[in-house]
Amino acid sequence: MSSAIKNFNKYKYLLMELTKKNIKLKYRRSYLGILWTLLEPILTTIVLTIVFINFRGKSDHTFPIYILTGRLLYSFFSHATKQAMKSIRSNSGMIKKVYVPKYIYPLSNILSSYVIFAISLLVLLGAMFIFKVYPTKYILYSFIPLTLIFILSLGFGMILATLAVFFRDMEYLWDVTLMLIMYTAAIFYDAAKIKDQWVFYCNPIYHIIVNFRNCIYGHPIDMLALKISMAYSFAALIIGIILFYRKQDKFILYI
Amino acid sequence: MGKEVVKVENVSMKFNLMENKVDNLKEYVIKLIKNELRYQEFWALKDISFTVNKGDRLGILGLNGAGKSTLLKIIAGVLKATEGKVTVKGKIAPLLELGAGFDPQYTGAENIYLYGAVLGYPKDFIREKYDEIVEFSELGEFIHVPVKNYSSGMKARLGFAIATIVEPDILILDEVLSVGDAKFRKKSEKRIMDMFDKGATVLFVSHTIEQVMAICNRAIILDNGSLVACGPAEEVCKIYEEKFIERESGVMKPRKEKDGKAKKKKKKKTVNVEISDEIGIDPEKKISKDNDKKSDEVYIIAENKSDVLSEFMTENASENTENKSEGIAETVPNSISDNITNNISDNN
Numbered sequence: 001m002s003s004a005i006k007n008f009n010k011y012k013y014l015l016m017e018l019t020k021k022n023i024k025l026k027y028r029r030s031y032l033g034i035l036w037t038l039l040e041p042i043l044t045t046i047v048l049t050i051v052f053i054n055f056r057g058k059s060d061h062t063f064p065i066y067i068l069t070g071r072l073l074y075s076f077f078s079h080a081t082k083q084a085m086k087s088i089r090s091n092s093g094m095i096k097k098v099y100v101p102k103y104i105y106p107l108s109n110i111l112s113s114y115v116i117f118a119i120s121l122l123v124l125l126g127a128m129f130i131f132k133v134y135p136t137k138y139i140l141y142s143f144i145p146l147t148l149i150f151i152l153s154l155g156f157g158m159i160l161a162t163l164a165v166f167f168r169d170m171e172y173l174w175d176v177t178l179m180l181i182m183y184t185a186a187i188f189y190d191a192a193k194i195k196d197q198w199v200f201y202c203n204p205i206y207h208i209i210v211n212f213r214n215c216i217y218g219h220p221i222d223m224l225a226l227k228i229s230m231a232y233s234f235a236a237l238i239i240g241i242i243l244f245y246r247k248q249d250k251f252i253l254y255i
Numbered sequence: 001m002g003k004e005v006v007k008v009e010n011v012s013m014k015f016n017l018m019e020n021k022v023d024n025l026k027e028y029v030i031k032l033i034k035n036e037l038r039y040q041e042f043w044a045l046k047d048i049s050f051t052v053n054k055g056d057r058l059g060i061l062g063l064n065g066a067g068k069s070t071l072l073k074i075i076a077g078v079l080k081a082t083e084g085k086v087t088v089k090g091k092i093a094p095l096l097e098l099g100a101g102f103d104p105q106y107t108g109a110e111n112i113y114l115y116g117a118v119l120g121y122p123k124d125f126i127r128e129k130y131d132e133i134v135e136f137s138e139l140g141e142f143i144h145v146p147v148k149n150y151s152s153g154m155k156a157r158l159g160f161a162i163a164t165i166v167e168p169d170i171l172i173l174d175e176v177l178s179v180g181d182a183k184f185r186k187k188s189e190k191r192i193m194d195m196f197d198k199g200a201t202v203l204f205v206s207h208t209i210e211q212v213m214a215i216c217n218r219a220i221i222l223d224n225g226s227l228v229a230c231g232p233a234e235e236v237c238k239i240y241e242e243k244f245i246e247r248e249s250g251v252m253k254p255r256k257e258k259d260g261k262a263k264k265k266k267k268k269k270t271v272n273v274e275i276s277d278e279i280g281i282d283p284e285k286k287i288s289k290d291n292d293k294k295s296d297e298v299y300i301i302a303e304n305k306s307d308v309l310s311e312f313m314t315e316n317a318s319e320n321t322e323n324k325s326e327g328i329a330e331t332v333p334n335s336i337s338d339n340i341t342n343n344i345s346d347n348n
């Protein structure tokens, strides 16, 4: 354990460099650059609001906030896990030639997605003032769902990264799964109106979204949702770490 | 002196060469059900043990596919041995393939920091040495150009400059003493010699006995994954000369070197190489087996070898017309084959 920490310290700088690289290269050669981090959620929220406001029946002036909270968390989860999944293969050149602790690759991808996600939270902040959803003391608890979504993404990222090395199909399968997760996460509809509540228990990010909304709308944290989301997050992380460590020595033979 | 810095104990490395590579789920499940998942075991290294003391300069000799690079990769920590243990004390500078950690979209300057981080250097250290690296690589203004626009020589120069900026305890050299043009080669040789003088421990892979004799004080020979000889450089080189070079004499001897050169050039430029290396293992293995059986029929073996080689060349050719002609060139007089190899490297 102590040697693992020592090793981590040695490669902390590499982790930072790789994270920086991912962020830098993401927007290189685009005219608006990092501004897209803000523009993208604004535009998708506008689209989703226009499309789904009709389904909602009675008009709700905070509906864009409802969408934005779910949408931001989901898009971080989706982006981070996809990136982490591909991280081993896209860094194969490096892995084959130099020794670097391999978890650095998925971790740096999750971190860079997280930084972009953190920036995009500014949009939510702006929208809260526009739609008069003023923050209460409960917003301070938002660090709980925000930490959980990070742990969850890291866990899933490591599981997927391992699987994707051995089976390329994982990349396509995960795209489909992500779509399923999106539609069952109550991002643009009200979960209470759905008859089959079990669907939401199967969704790893739904309960994180619930608690994040509670923090934003000024409600206390839902304890049941917290327990479920913690169970999902830590289970994913533990499985991810074990799987990754068991298989990492074989990566090089398959990439 | 006398202190062990690299200790290799009973190291074996097994590769599973799958008969046809399965990397998607459908195929895997189908083959699993049909019970067709066959692996062909291949031991790239068999029970290797040796130690390197501080300040030693160890030459590693062996034919292509003997397991030299695998051994170095295990020592560098890139590969993990199937069995056995490797202990390394001190900072390693692996000059395995220069510039392997570069990101093509990054500029040279950004890559200095990135590659430095990959090699585990602290940030302040890289910042301190930044100017020195740029100066040594002779890139000048090009340092702010994305690396994807570099020539292979520029890439190798930058890679060399970054990798050798530390004073490593252990230096791993895998035929990298021929980087860039003559001028830069001289410079890079000087830098490596300086490291020798400072008492760095060196692991050195080469095909040329002269180089090993000049640089190393100890040497080992790998053949087919086994350690054949281990001892003072001169004696081991003599054994290598007697046992291995003569085996290859006849048609192959003048060809061999050029072959190596042509392949190396390809290595830097085309993606195909990775594949060719993997496939390369098999023919090589067959050959050496043949060699063991009929060690007196030198000429037949040489012919066999060239057949296999040309086959493997055409298999991997990106534009196979050129490479086919190389297959023919095996028996053509030197001057012509020379021209052809030149053509090929130009085309690539």
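Heads up: the sequence lines are chains A and B, in that order. For the first sequence, counting from 1, position 34 maps to 34 in the UniProt record's numbering; every step adds exactly one. For the second sequence, counting from 1, position 79 maps to 79 in the UniProt record's numbering; every step adds exactly one. Don't be surprised by glycine CBs; every beta carbon is placed ideally from N, CA and C.
- In this structure L73(A) is not in contact with I221(A), their Cβ atoms being roughly 15 Å apart against a cut-off of 8 Å.
- In the structure shown, I172(B) falls within a strand segment according to DSSP collapsed to helix, strand and coil.
- Non-local beta-carbon contacts of T162(A) in its own chain, meaning distances under 6 Å to residues more than five positions away in sequence, involve L243, F244 and K247 in chain order.
- According to the DSSP assignment, S2(A) belongs to the alpha helix (DSSP H) that extends over S2 to Y27.
- By the 16-neighbour rule on beta-carbons within 10 angstroms, S153(A) is buried.
- When the Cα atoms are used, F188(A) and Y27(A) turn out to be separated by approximately 28 Å.
- When DSSP states are grouped into helix, strand and coil, E241(B) belongs to the helix group.
- Under the three-state reduction of DSSP output, G225(B) falls in the coil class, being neither helix nor strand.
- Think of a sphere of 7 Å around the beta carbon of P94(B): the chain A residues whose beta carbon falls inside it are V98, in chain order.
- In the structure shown, G70(A) falls within a helical segment according to DSSP collapsed to helix, strand and coil.
- Under DSSP, N16(B) shares a beta bridge with E41(B).
- Here L15(A) is actually not in contact with L146(A); their C-beta atoms are around 20 Å apart, not less than 8 Å.
- For the pair of segments examined, the stretch 162 to 182 of chain A was found to touch the stretch 73 to 86 of chain A: the number of CB pairs separated by less than 8 Å reaches three.
- Here the alpha carbons of N9(A) and P122(B) stand approximately 10 Å from one another.
- In the DSSP assignment, the residues bridged to E83(B) are S12(B).
- Going by C-alpha positions, N54(A) is about 11 Å away from D60(A).
- With respect to chain B, the C-beta atom of L25(A) has a partner C-beta closer than 9 Å.
- Residues of chain A with a Cβ closer than 7 Å to the Cβ of N24(B) are, in chain order, F167, R168 and D169.
- In this structure, DSSP gives R218(B) an extended state, which the three-state scheme calls strand.
- Around Y106(B), the same chain offers L114, P146 and V147 as residues with beta carbons nearer than 8 Å, after the five sequence neighbours per side are excluded.
- Here Y183(A) is exposed, its C-beta having fewer than 16 other C-beta atoms within 10 Å.
- The distance from the Cβ of M154(B) to that of F136(B) is about 13 Å, inconsistent with a contact at the 8 Å cut-off.
- When Cβ-Cβ separations below 9 Å define contact, R246(A) makes no contact with chain B.
- Between A229(B) and I75(B), the alpha-carbon positions lie close to 19 Å from each other.
- The Cβ-Cβ distance between V236(B) and I221(B) falls below 9 Å.
- Each of I170(B), A109(B) and G59(B) was checked against the Cα of V88(B), and the nearest Cα belongs to I170(B).
- Ranked by how close their Cα comes to the Cα of L148(A), the residues K96(A), P135(A), T69(A) and F212(A) have F212(A) in first place.
- Annotated three-state conformation of V6(B) is strand, per DSSP.
- For L14(A), the nearest beta carbon of chain B is closer than 9 Å to its own beta carbon.
- Between Y13(A) and A117(B), the beta carbon gap of about 5 Å places them in contact (Cβ cut-off 8 Å).
- For R57(B), there is no enclosing alpha helix (DSSP H); the residue is found in the beta strand (DSSP E) stretching over R57 to G62.
- For R218(B), the closest of E41(B), D47(B) and G59(B) by C-alpha to C-alpha distance is G59(B).
- When rounded, the separation of the alpha-carbon atoms in A163(B) and K68(B) is 21 Å.
- A direct Cα-to-Cα measurement between G225(B) and Y103(A) gives close to 31 Å.
- The continuous beta strand (DSSP E) containing V202(B) extends over residues T201 to V205.
- One thing to note: E83(B) has its Cβ within 9 Å of the Cβ of N10(B).
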